[in-house]
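**Student:**
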Amino acid sequence: MSILFQETTIRGLTLRNRFVRSATWEGMADAKGAPTEELIQLMGDLASGGVGLIITGYAFVSEEGRGGPRQLGIHSDELVGRLREMVREVHSRGGRIVAQLGHCGIQAAYNLTGMEPIGPSPMEGRPGRGMTLEDIERVRLSFARAAKRAVDAGFDGVQIHAAHGYLLSQFLSPYFNKREDAYGGSLEGRVRLLVEVTRGIREEVGAEKPVLIKINCEDFLPGGLTLEDSVKAGEILVKEGIDAIEVSGGMRLAGPKFMPSRLGIRHEHEEAYFKEAAKEFKRKVGVPVILVGGIRSFQVAERLVEEGFADYISMSRPFIREPWLVNRWKGGDLRRAFCVSDNLCFEPAQAGEGIYCVTERRETKGE
Ligand SMILES: Cc1cc2nc3c(=O)[nH]c(=O)nc-3n(C[C@H](O)[C@H](O)[C@H](O)COP(=O)(O)O)c2cc1C
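The numbering of the sequence shown is my numbering, which starts it at 5 and goes up by one.
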């Protein structure tokens with residue numbers, strides 16, 4: 005049996021294989037942020053399709069942190085009932101699911117929230133203000149309460165979104181974080197909010213449930229987060245009880261070449277573009293490393309695990325086109341994922357229609 009289909013555990017959570025659906029904003033929640041039937045169905049399909057661990061799209065922990073249309077919410081107790089239905093659907097089909105907790109910070113969609121964005125520091129040419137200590141405490145509590153809701157809804161754990169230039173990634177990054185108080189400056193300062201958020205979450209979820217984190221290995225911005233600091237942040241956070249680290253990198257601001265979802269992955273050598281960074285994490289952090297970014301071939305995925313670059317293989321876009329990809333591979337059809345990495349999937353989500361593979365529809369339905 006391939007190493008990819010081995011059963012493993014993360015803090016007591018048993019996973020049937022090493023495939024992870026990386027968090028993907030589906031744009032399929034209702035106006036309040038509750039999962040719709042369509043989203044519940046999609047999560048069920050991913051579970052039936054063989055994914056070992058599903059990570060939800062980033063769910064906003066407070067209104068001011070919302071980032072996109074029809075984004076999933078976890079900011080209010082009202083949502084727990086519907087979230088529970090989504091979790092049940094996944095469990096009933098043999099899957100496992102963790103909630104990704106997010107706050108977009110200074111990059112929040114103020115046109116959706118009607119609120120002034122907040123971040124570590126104001127940014128030139130953008131609306132938004134630097135956070136006060138009261139704001140910091142409120143955000144810390146928002147993450148902790150969201151984690152409590154995740155437990156109440158039956159999620160198998162949570163993942164803290166600290167990548168891609170959103171709030172916690174902004175705090176870590178000297179590009180965004182110009183603070184001169186205890187939450188800025190040295191790495192110790194820049195990681196402080198993340199440490200506090202992790203502690204707050206752990207208090208709520210208890211010792212049984214895994215708490216994962218997704219982090220940028222590098223921002224790929226001048227003066228942004230470096231690999232060295234990112235790995236050190238990982239080591240600090242593991243001491244605070246983080247159970248696995250998903251390694252990503254970049255952000256939209258860094259330009260098309262350095263987005264987390266890079267374009268046109270056509271050849272094996274273009275796949276797994278953060279693998280060297282992941283190896284650094286593997287060397288230092290002592291918890292499982294989940295690698296994301298451009299993985300498209302079964303053989304590449306297998307080698308990544310066998311050669312010690314990562315413990316888990318995480319994908320986003322391939323599952324938009326083929327929610328059943330894991331079972332296809334398991335059944336012996338080892339052709340690479342049909343995803344062509346053109347990022348057209350963002351467009352229907354942005355238009356409020358919910359994600360789908362635009363290219364596949366064009367090919368099969370001639371749209
Ligand atoms: C439509 C879309 C939505 C995404 N939403 C999220 C998200 O909510 N949270 C997150 O951490 N990453 C998000 N990502 C990034 C992916 O999780 C992943 O890191 C990236 O696409 C690279 O993996 P891939 O090459 O397998 O797609 C999104 C990507 C896409 C294409």
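For every residue, glycine included, the Cβ atom is placed at its ideal position computed from N, Cα and C.
Beta carbon of I294, beta carbon of S318: below 8 Å?
**Tutor:** It is a contact, given that the beta carbons lie within the stated cut-off.
**Student:** Have a look at the DSSP bridge pairing and note the partners of Y316.
**Tutor:** I294
**Student:** Checking 8 Å against the spacing of the C-beta atoms, do Y170 and C108 come in under that value?
**Tutor:** yes
**Student:** Have a look at R300, G161, R133, P322 and flag the residue whose alpha-carbon is nearest the alpha-carbon of P124.
**Tutor:** R133
**Student:** Of the choices E128, G204, P126, whose alpha-carbon is the least far from that of V143?
**Tutor:** G204
**Student:** Where does G253 land, buried or exposed, given buried means 16+ other C-beta within 10 angstroms?
**Tutor:** buried
**Student:** Which residues mark the beginning and the end of the alpha helix (DSSP H) in which A103 is found?
**Tutor:** Per DSSP, A103 lies in no alpha helix (DSSP H); the unbroken beta strand (DSSP E) holding it starts and ends at 100-106.
**Student:** With distances taken Cα to Cα, identify the nearest neighbour of R287 among K236, E120, V201.
**Tutor:** K236
**Student:** Please confirm whether any heavy atom of ligand 1 lies closer than 7 Å to the CB of S252.
**Tutor:** With a cutoff of 7 Å, S252 counts as near ligand 1, since its C-beta is closer than that to a heavy atom of the ligand.
**Student:** Pick out whichever of G72, H271, E89, E68 has its Cα sitting closest to the Cα of H3.
**Tutor:** Residue numbering for the chain in the displayed model covers 5 to 371; residue 3 lies beyond these limits and cannot be assessed.
**Student:** Can you have a look at G48 and say buried or exposed, based on whether 16 or more other CB atoms are within 10 angstroms of its CB?
**Tutor:** buried
**Student:** In chain order, what residues of the same chain lie with their CB nearer than 8 Å to the CB of E207, ignoring the 5 residues before and after it?
**Tutor:** A148
**Student:** Applying the 10 Å Cβ sphere with the 16-neighbour rule, what's the burial state of S190?
**Tutor:** exposed
**Student:** Is K261 helix, strand or coil by DSSP?
**Tutor:** Helix, per DSSP.
**Student:** Would you grab the beta carbon distance between G297 and A314 for me? Rounded to a whole angstrom, and I think it's under 8 Å.
**Tutor:** Contact flag wrong, Cβ pair sits at about 11 Å.
**Student:** If contacts are defined as beta-carbon pairs under 8 Å, then Q163 and K218 qualify, I think. What distance do you get, rounded to the angstrom?
**Tutor:** Contact between Q163 and K218 holds, with the beta-carbon distance rounding to 6 Å and staying under 8 Å.
**Student:** Rounded to the nearest angstrom, what separates M263 and E42 at their Cα positions?
**Tutor:** 28 Å
**Student:** Kindly provide the ranges of any beta strand (DSSP E) runs that are 3 or more residues long and lie completely inside the segment 193-235, ordered along the chain.
**Tutor:** 215-220
**Student:** Give, in chain order, every unbroken run of the alpha helix (DSSP H) that is at least 4 residues long and sits entirely within the segment 30-89.
**Tutor:** Segments of the alpha helix (DSSP H) lying fully in the segment 30-89: 41-52.
**Student:** Hey, would you say the C-beta of C361 is under 7 Å away from at least one heavy atom of ligand 1?
**Tutor:** Result no, Cβ not under 7 Å from ligand 1.
**Student:** Just tell me which of W333, K334, V195 has its CA closest to the CA of D233.
**Tutor:** V195
**Student:** For T13, report the span of its beta strand (DSSP E) as first-last.
**Tutor:** 12-14
**Student:** Determine, using beta-carbon pairs with one atom in the segment 43-63 and one in the segment 339-349, whether at least three such pairs fall under 8 Å.
**Tutor:** no
**Student:** CB A355 to CB P292, shorter than 8 Å?
**Tutor:** no
**Student:** What would DSSP say about F23, mapped onto helix, strand or coil?
**Tutor:** strand
**Student:** Within the continuous beta strand (DSSP E) that includes S252, where are the two ends?
**Tutor:** 248-252
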